[in-house]
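Residue numbers for the sequence shown, in my numbering: 162 to 564.
Using N, Cα and C, we set each Cβ at its ideal position, and we do this for glycine too.
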Amino acid sequence: MSIKFALIKERKSPPDRRVVFSPKKCRNLLETFPDATVVVEKSEVRVFDDNLYEKEGIELADDLLNCDVMLGVKEVPIKALIPHKKYFFFSHTIKQQPYNRELLQAILKNKIELYDHETIVKENGDRLIGFGRYAGLVGAYNTFRALGLRDELFSLPKVENLADLAAMKAELDQIKLPAIRIVLTGTGKVAKGAKEILDYLKIKEVSVSDYLSEKYDEVVFCQIDVEDYNQRSDGSTFNKSEFFRNPVGYESNFMRFAKVTDMFIAGHFYGDNAPYLFTREDAKHPDFKINLVGDISCDIDGPVASTLRASTIADPFYAYDPQREKEVPFKTKNSITVMAVDNLPCELPKDASEGFGTMFFNQVLPAFFNDDKDGILHRAKITTAEGTLTDRFSYLQEYVDGQ
């Protein structure tokens, strides 16, 4: 069965330069799957110029009506949707985000099969593809950039002005860090990306017990997971699987880290009903020492009290006054500096696209040609060609109905 894939033009504003497949990966696709063809919709914003696809023998087009599977990154504007197609993109609908209700309604109305990159998961629910590593890499770099600018220690350029990850790391070779203490939350792809930067800078990693009890005259970091910054309210033993299933009955004990930390890099996943890491009241405490937060997870007005809003690539830093519980200008005295850009991988579009394309190629493409034997597509499908929600996503019906 032949399948015609299309790389669609990103139309969301501000423009996103990422793409699912690089020109070389498109060529690789054609060589690996003889029943596949690829068309690239012409685009002036994509990180890879149209002529690079042409050089690999890939067809460019303005019209995608004869294509089967549309591959994009960000949400597709409603008026650009083509009825009766299969679409892959980050739809930002599965958590019932109000701003995309009309998009999901339009997808159903146009009888489009929607597959969200976030819903491409293993049987156990772990995600198979994503840009998490690149969010972590850029987020950690940006947090050090904030430190350098705020304390006038060094001046790192913006990542979006650099060619690639290698150029970003070359800039880090030029900086010297003071003897600060850094805590990194999380163990997933985002945290691993951030840790890559900490390791690249040759920052010494220390254990939880040493971090909390020892004094250091050099820069150190400690990576912590949910059991390190949460505890049972009744004092009984922490149970990780129970915590993930239902975190009611647990409370944060992150404050023990906040008392000895200068920089906090938030790379954790925050689950519904889990305790906040630190509250506005915690941040007022005289022993609260954190003065710089790189919130890569970026849950607004949530588990990290200083994250009042997402910041932007154009204007990545602001500050939080803990006493007045309000935003103040970057560099304000006695404030917490905040980096909370929510689209960090956009700053590293070439590397992020290449990394994402490799994951999609390895994890998703075979399912189109092996009768979806591992259920990848079946699990990921949100809407059907009949204009209904799949059983797995039937919980979205009330959201679609506007309730």
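- Task: Have a look at 507, 508, 506 and 489 and flag the residue whose alpha-carbon is nearest the alpha-carbon of residue 499.
- Result: Here the closest residue by C-alpha is 489.
- Query: Mind pulling the alpha helix (DSSP H) runs of 4 or more residues that sit fully within the region 429–464?
  - Reply: Complete alpha helix (DSSP H) runs here, min 4: 441–445.
- Item | Rounded C-alpha distance that separates residue 366 from residue 389 | Between residue 366 and residue 389, the C-alpha separation is close to 16 Å.
- Enumerate in chain order the residues of its own chain whose CB-to-CB distance from residue 420 is below 8 Å, with the five nearest sequence positions on each side excluded. Around residue 420: 448, 449 and 450.
- Message: For the pair the region 230–240 and the region 211–222, tell me if three or more CB-CB distances fall below 8 Å.
- Response: No: fewer than three Cβ pairs fall under 8 Å.
- Task: Could you say which of 200, 176 and 288 lies nearest to residue 540 if we only look at CA atoms?
- Result: Comparing Cα-Cα distances from residue 540 to each of 200, 176 and 288, the minimum goes to 288.
- Item | residue 555 (DSSP reduced to helix, strand or coil) | Of the three classes helix, strand and coil, the one that applies to residue 555 here is helix, per DSSP.
- Query: With residue 163 and residue 193 assumed to form a contact (beta carbons below 8 Å), what rounded beta-carbon distance in angstroms separates them?
  - Reply: Between residue 193 and residue 163 the Cβ distance is about 14 Å, and since that is not below 8 Å, they are no contact.
- Query: Hey, would you say residue 321 sits closer than 9 Å to residue 474, going by beta carbons?
  - Reply: Less than 9 Å separates the beta-carbon of residue 321 from that of residue 474.
- Query: Between 434, 425 and 224, which lies nearest to residue 346 when the distance is taken from Cα to Cα?
  - Reply: For the set 434, 425 and 224, the Cα lying nearest the Cα of residue 346 is the one of 425.
- Message: On the criterion of 16 or more Cβ atoms from any shown chain inside 10 Å, does residue 515 qualify as buried, or is it exposed?
- Response: Burial call: buried.
- Task: Compare the C-alpha of residue 339 against each of 411, 309 and 224 and name the closest.
- Result: That would be 309, whose Cα lies nearest to the Cα of residue 339.
- Task: May I have the straight-line CA-CA distance separating residue 432 from residue 233, to the nearest angstrom?
- Result: Those two C-alpha atoms are separated by around 27 Å.
- Just to confirm, are residue 459 and residue 444 a CB contact at a threshold of 9 Å? In this structure, residue 459 lies away from residue 444, with their beta-carbon atoms at least 9 Å apart.
- Report the three-state DSSP secondary structure of residue 358 (helix, strand or coil). Residue 358 falls in the helix class under three-state DSSP.
- Message: Between which two residues does the beta strand (DSSP E) holding residue 162 run?
- Response: No beta strand (DSSP E) holds residue 162; DSSP gives it neither H nor E.
- Any contact of the region 172–192 with the region 536–555, i.e. 3+ C-beta pairs under 8 Å? Under the three-pair Cβ rule at 8 Å, the region 172–192 does not count as touching the region 536–555.
- CA-to-CA distance, residue 326 to residue 362, given in whole angstroms: Going by the C-alpha atoms only, they are around 14 Å apart.
- From residue 257 to residue 359, what distance separates their C-alpha atoms? The C-alpha of residue 359 is placed about 35 Å away from the C-alpha of residue 257.
- State the CB to CB distance for the pair residue 357 and residue 391, rounded to an integer number of angstroms; the pair is presumed to be in contact (CB under 8 Å). So it is not a contact: roughly 25 Å between Cβ atoms.
- Give the single residue among 563, 507, 305 and 317 whose Cα lies nearest to the Cα of residue 341. Of 563, 507, 305 and 317, the residue nearest in Cα terms is 305.
- Item | residue 268, enclosing alpha helix (DSSP H) - first and last residue | 262–270 is the span of the alpha helix (DSSP H), which, as asked, contains residue 268.
- Is the CB-CB distance between residue 168 and residue 206 below 9 Å? Not a contact, by the Cβ cut-off of 9 Å.
- How is the beta strand (DSSP E) around residue 392 delimited, first residue to last? For residue 392, the uninterrupted beta strand (DSSP E) segment begins and ends at 391–393.
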